[in-house]
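Asker: In my numbering, the protein residues as written are 1 to 87.
For glycine and all other residues, C-beta sits at the position ideal for the given N, C-alpha and C.
The structure displayed is predicted, hence computed values, not measured ones.
(1) Pick out whichever of 84, 52 and 38 has its Cα sitting closest to the Cα of residue 25.
(2) When you compare only the Cα positions, how much space is there between residue 87 and residue 46?
(3) Using a Cβ-Cβ cut-off of 8 angstroms (strictly less than) and excluding sequence neighbours within five positions of residue 5, which residues of its own chain qualify?
(4) Could you check if residue 1 belongs to the surroundings of the ligand MN, using beta carbon to heavy atom distance under 7 angstroms?
(5) By Cβ distance below 6 angstroms, which residues in the same chain neighbour residue 41 in space, the five residues on each side in sequence not counted?
(6) Taking buried to mean at least 16 other C-beta atoms within 10 Å of its own C-beta, is residue 67 buried or exposed?
(7) Can you find the residues in the same chain that come closer than 8 angstroms, C-beta to C-beta, to residue 74, ignoring five residues on each side of it along the sequence?
(8) Are the beta-carbon atoms of residue 3 and residue 71 separated by less than 8 angstroms?
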């Protein structure tokens, strides 16, 4: 694995951790339950706030998280290639 892919994966990981921390802020649940609660909170916000059905809310939430991770991976790869430019 080259440096660019490693930094892309690292950027995706930190983005996922940040999203979980953002959505679970102030939660009384233990840390190991935060990812589940963050995802369920996102689904609830879509279902209740926008009036989506439960199935559509799960689908939209999954696509949103995946798109966010892909975007973070691409940004990490591009940033790594700018910083560690081969001469």
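Answerer: So, from the listed chains and residues:
(1) 38
(2) Because the pLDDT at residue 87 is just 46, under 50, the model does not fix this residue reliably, and the value given afterwards should be weighed accordingly. If you take the alpha carbons of residue 87 and residue 46, they lie about 48 angstroms apart.
(3) 77
(4) With respect to the ligand MN, the structure offers nothing, as it holds no ligand at all.
(5) 23
(6) Exposure of residue 67 is indicated by the presence of fewer than 16 other C-beta atoms within 10 angstroms of its C-beta.
(7) 8.
(8) Judged by their CB atoms, residue 3 and residue 71 are not nearer to each other than the 8 angstroms cut-off.
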